[in-house]
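Comments concern the structure below.
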Amino acid sequence: MNVIILLAITGVFSMFSGIFKQKMLALPVILLAFISALVLLSFGYLGDFTALTNNMVLFDDHAIKFSMVIVFLSIFIFIMGQYYYSEDIEHLTDIFALFVFSIVGGILLVSFQNLTMLFLGTEILSIPLYILAASNRRSLASNEAGLKYYLMGSFATCFLLLGITLIYGAYGSFDLDIITAAITAKGLSSLFITGVILILCAFIFKLSAVPFHFWAPDVYHGAPTVLTAFVSTVVKVAVFGALLKFVLFIGGHQGDKWTLLFMLVIIATMIFGNIVSVRQTNFKRLLAYSGIANVGFVLIALLDVNDLTASYILYNLLAYGIASIMAFSIYSTIKTHTEIDTIEGIAGLMANNKLLSISLIFAMLSFAGIPPLAGFFGKYFIIVNAVNAGYVWLAVIAVVSSVIAAYNYLRVSATVVSHSSEIATIPISTLYRIFLVACIICIVLLGILPDQVLVILG
Amino acid sequence: MNILFVLLIPFLSALIILLASYKLSQSLAILSSAVSVVVIGIMLALFGQDTTAISSIDLPWIASMGVHFHIGADGMSLLMILICNVVALISMYVSLGDQIHNPKQYFALILFMQTFMNGVFVAQDLFLYYIFWELALIPAYFLLLIWGKGEKLRPATIKFFLFTLLGSLLMLIAIVWLGNAGTTSDYSLSAITGLEIDAETQLMIFGAFMIAYGIKTPIFPFHSWQADTYTFAPAPVTILLSAVMSKMALYSIIRFVLPVVPDAVAEYGIYFMYAAAFGVLYASIIALTQNDFKRMLAYVSMAHVGLIFAGILTYSQAGLSGSMVQMVAHAINSAGLFFIANLLFKIKNTHDIQAFGGLRQYMPVFAGLYMVTMFGSIGVPMTNGFIGEFMILTSLYQYDVIVALLAGSGVILGAVYMLRSYKTIMLGPDQNTVQTDIIGTDKYLLYSIAFVILFTGIFPAWIGQLCETSIQNILQPYLQK
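Right under this line is the structure:
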């Protein structure tokens, strides 16, 4: 809870720093606040606010681990954002404030203990995102993305609210503990089952898994790249955090009923995401589809929930997130300087831009799951877990679809080193250099020390 | 002496090259490879006196999964590392004559590849082995992409990568199963060799491993990536791919497949032997029709490794010893032949055999050394190709006559296409503009290759002695039954 207060104040500070013309202060203060938040989380200085919040949020181990990953990935997002918005410094602080508020929503979401909080968290997370998606005011695509995201997001919220209402109608409470007690006393009601399915639909919507994926490519493509990176990494962590908590909650009540639903979503998402991405020529869209495919992959972990599930999911999302932020930031750097946004366009990047190319290759190899990079263990843990739980054929589908996915990433890395053309040197700042090197180190370290990382996340 | 040196020397040299000036990279790379070869020579000498002289390393790495960083070497591993590093040194020398752009990255990547291939040969933990196996592919992929030449370079390279990746993932599933088959997770070779596996599971594991190795070697019908990849790759990389990378698969069959699933090998090995032996004939026939010298050599290489593949699966003393001898021979011969292809390319800027003719009168030294290398490849007595081929064919004949006939006819065809290409290039009608004989490093390198071919042809016994204990250990589970 301390973390939420700290970050909310940081958001407000960021807004005021814009008003008082202290724009250069925003990033250092935000980074400082996020690092302190990380320290608070890891040492457990959370404060006891149970009575104050009426037991609506619960900072248990689950919430702390997910919040840590959210905060950690956000640090990368802000550094990328500083670089991305360096042209449009005018609104920088407002934009940063919106990001911070959204992150606060994410932390609320992973720590929900009451269905109202689930709703509030989702909204606090999403509303800044709708604005941010349209923040590139002069671009038609960005406006379209904002509107589409808003409409589709509202749609998902309707599902969520209706589901919550039905559950309330069945047991007369929003509190997870009270509902659990009521279910034991009164038995499972059909209203509850309907409500749960509606809420799961809302989650699938937010995760952009098939069959509720159609908004994602357009929104990802049109929105400012920082936002795309944010939505496909940090937001996914928050939504998965909430979903895992929700699955743990419903899992006790005839969990096998939801398994079939999940399996269909997983298979459709993995196959769709990977096969459609083969035909993409736009780099950003390729990343968007690979994000969809990865969601399918992570959902496998939810089929067999055990003590380690949270750490496996977090490991995968962390590995995917860092590589993804790196790839998106490189895309936006190239786009800003050369107007290139296709995969074929980046042919010959290696000739004059060594660091950018090597970072991109690392990201791609990690996506492709080459050991011992982070992406390999991200997939490995989930597949082994699925095999141990008896979902062997699902593991086989996952392996085959990751070979298809590997084709995409190899295609990109092959284009980067191709010598059919050359891209002129793209100037990059020292901060950005440090950022890229830090990302590479993270990817390699996560892969070399998976055990230690799992212990931190477990 | 610690086995870690074979990983550290090339790995650190690669890092140093990346940091040093690009003018130094070539000499540093050659220096490092030479040091590696010397170190391995010392190791071999120590090993000859005392088989426990090479100390291994065993550190816990991923404790929750039971994965260790466990490396060590026996006679067979040492022999493979020797091949790997000698070939790497040859490959660096071959690069000397070519004007290579970005030499820093180029030599660093070759050294990384060398490190990871050494890793494959010394890993004693199956998970670690898998990681080295997969890592060795990455430098090869970029070496091909950046320094390769050919119209369809990119699709061919991606095909090469995806083929091997698919095989590796199948192998990974088998490895994970093996690692978790016991009471606790343990991927160490000794634990996995001791497992009692039922017949059905043995078949599954055997299949997964053999598809992975069949692709990497390659044997028929998994070979479709090979010809393009070998043709488009720069000569030094082709040398590494054909001489060392294919040996990674052959070595792995001996090390991991035979002792772990002996029943499946005895029962189903014959199908892979048929495939491999048919591949020998098939590749030889295609080689006959090739006009592109380098592409022809790619098929020659496929025919030779197919024969070794079949020989290993006989699971007999003669088959295994013959395979070891033949692996050494193939590594040297194939390095020599691709080097010759590169020298020819520099004369006329083409690999087309028909473009050459009557070279012998201008280049007598080259012609003579080419002939020795070719005889090694055909397997003429007194050259290194003879003894191994003879042992393998004998063991195949004892195992199954049809396999021996298929493979044997391929070997006969081998003489036909090699002599035919020699005739056209060296003897045929004079087609030359201005010619001088090979000089400098090229000459000395080819002399040394020819010397090694004759030396191992006349004194092949040391290979058998070096590997004897290893082969006995591998034959043990089979002989017990």
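Protein sequence lines, in the order shown, are assigned to chains F and R. Our numbering runs 134 ahead of the 1-based position in the first sequence. Our numbering runs 5 ahead of the 1-based position in the second sequence. Heads up, the beta-carbon is just placed ideally off N, CA and C, and yes, glycines get one too. As the structure is a computational prediction, the values presented were derived from the model and not from experiment.
Are the beta-carbon atoms belonging to residue i and residue j less than 8 Å from one another?
{"i": "I275 of chain R", "j": "D405 of chain R", "result": "yes"}
{"i": "A268 of chain F", "j": "N277 of chain F", "result": "yes"}
{"i": "A34 of chain R", "j": "F112 of chain R", "result": "yes"}
{"i": "T359 of chain F", "j": "Y465 of chain F", "result": "yes"}
{"i": "L172 of chain F", "j": "M135 of chain F", "result": "no"}
{"i": "S229 of chain R", "j": "V305 of chain R", "result": "no"}
{"i": "I8 of chain R", "j": "A78 of chain R", "result": "yes"}
{"i": "T467 of chain F", "j": "I560 of chain F", "result": "yes"}
{"i": "I480 of chain F", "j": "V550 of chain F", "result": "yes"}
{"i": "A422 of chain F", "j": "A350 of chain F", "result": "yes"}
{"i": "Y525 of chain F", "j": "L382 of chain F", "result": "no"}
{"i": "M48 of chain R", "j": "M85 of chain R", "result": "no"}
{"i": "G424 of chain F", "j": "A316 of chain F", "result": "Here residue 424 of chain F is Ser; the residue named in the question, Gly, does not match the sequence. No. Outside cutoff."}
{"i": "A254 of chain R", "j": "K299 of chain R", "result": "no"}
{"i": "S400 of chain R", "j": "G324 of chain R", "result": "yes"}
{"i": "F150 of chain F", "j": "V163 of chain F", "result": "no"}
{"i": "T403 of chain F", "j": "V353 of chain F", "result": "no"}
{"i": "V181 of chain R", "j": "V518 of chain F", "result": "yes"}
{"i": "L332 of chain F", "j": "F396 of chain F", "result": "no"}
{"i": "S307 of chain F", "j": "I298 of chain F", "result": "no"}
{"i": "Y375 of chain R", "j": "M301 of chain R", "result": "no"}
{"i": "L200 of chain R", "j": "G212 of chain R", "result": "no"}
Going by C-alpha distance, which of the options is nearest residue i?
{"i": "C573 of chain F", "options": "F:G592, F:S500, F:L528 and F:V518", "result": "F:S500"}
{"i": "I455 of chain F", "options": "F:N428, F:H553 and F:M149", "result": "One detail in the question is off: residue 455 of chain F reads as Gly in this sequence, not Ile. Nearest of F:N428, F:H553 and F:M149 to G455 of chain F, Cα basis: F:N428."}
{"i": "M122 of chain R", "options": "R:A113, R:Q110 and R:E139", "result": "R:E139"}
{"i": "F245 of chain F", "options": "F:L175, F:C292, F:T299 and F:L294", "result": "Rather than Phe, the amino acid found at residue 245 of chain F in this sequence is Ser. That would be F:L175, whose Cα lies nearest to the Cα of S245 of chain F."}
{"i": "L131 of chain R", "options": "R:M387, R:G184, R:M431 and R:R300", "result": "R:G184"}
{"i": "Q31 of chain R", "options": "R:V92, R:S82, R:D103 and R:V11", "result": "R:D103"}
{"i": "K282 of chain F", "options": "F:I265, F:E478, F:L294 and F:F337", "result": "F:I265"}
{"i": "L490 of chain F", "options": "F:S547, F:A532, F:S445 and F:T443", "result": "F:S547"}
{"i": "L520 of chain F", "options": "F:P584, F:I409, F:I400 and F:Q414", "result": "The sequence shown places Ala at residue 520 of chain F, rather than the Leu named in the question. Of F:P584, F:I409, F:I400 and F:Q414, the residue nearest in Cα terms is F:I400."}
{"i": "F166 of chain R", "options": "R:I143, R:D268, R:P267 and R:M176", "result": "R:I143"}
Run the CB neighbour count on residue i, radius 10 Å, all protein chains shown included, and call it buried at 16 or more, exposed below.
{"i": "K320 of chain F", "result": "exposed"}
{"i": "T56 of chain R", "result": "exposed"}
{"i": "D203 of chain R", "result": "exposed"}
{"i": "T243 of chain R", "result": "buried"}
{"i": "R159 of chain R", "result": "buried"}
{"i": "R567 of chain F", "result": "exposed"}
{"i": "S552 of chain F", "result": "buried"}
{"i": "S1 of chain R", "result": "The structure shown does not extend to residue 1 of chain R, since chain R is modelled only from 6 through 486, so no value can be given for it."}
{"i": "E205 of chain R", "result": "exposed"}
{"i": "Q331 of chain R", "result": "buried"}
{"i": "F283 of chain R", "result": "buried"}
{"i": "R419 of chain F", "result": "buried"}
{"i": "L361 of chain F", "result": "buried"}
{"i": "M70 of chain R", "result": "buried"}
{"i": "P434 of chain R", "result": "exposed"}
Using the beta-carbon of each residue, which ones in chain R are nearer than 9 Å to residue i?
{"i": "R545 of chain F", "result": "R159 and I163"}
{"i": "L499 of chain F", "result": "I143"}
Under 9 Å between beta-carbons, which chain F residues line up against residue i? List them in chain order, please.
{"i": "A68 of chain R", "result": "D585"}
{"i": "V181 of chain R", "result": "Y514, I517, V518 and V521"}
Which residues in chain F have a C-beta closer than 7 Å to the C-beta of residue i? List them in chain order.
{"i": "L131 of chain R", "result": "Under the 7 Å cutoff, chain F gives no residues; its nearest Cβ is about 13 Å from L131 of chain R."}
{"i": "E139 of chain R", "result": "I504 and P505"}
{"i": "F166 of chain R", "result": "L544"}
{"i": "F147 of chain R", "result": "V551"}
{"i": "I76 of chain R", "result": "Those do not exist, as I76 of chain R stays about 15 Å from chain F at its closest Cβ, beyond 7 Å."}
Since residue i sits in a beta bridge, which residues does DSSP pair it with?
{"i": "P65 of chain R", "result": "R:H73"}
{"i": "N7 of chain R", "result": "R:S60"}
{"i": "F246 of chain F", "result": "F:V191"}
{"i": "S193 of chain R", "result": "R:D130"}
{"i": "N338 of chain R", "result": "BP columns for N338 of chain R are empty, so no partner."}
{"i": "N416 of chain F", "result": "F:T476"}
{"i": "D357 of chain R", "result": "R:D297"}
List, in chain order, every chain F residue whose beta-carbon is nearer than 8 Å to that of residue i.
{"i": "I136 of chain R", "result": "P505 and P506"}
Which residues in chain R have a C-beta closer than 7 Å to the C-beta of residue i? List them in chain order.
{"i": "L588 of chain F", "result": "S69"}
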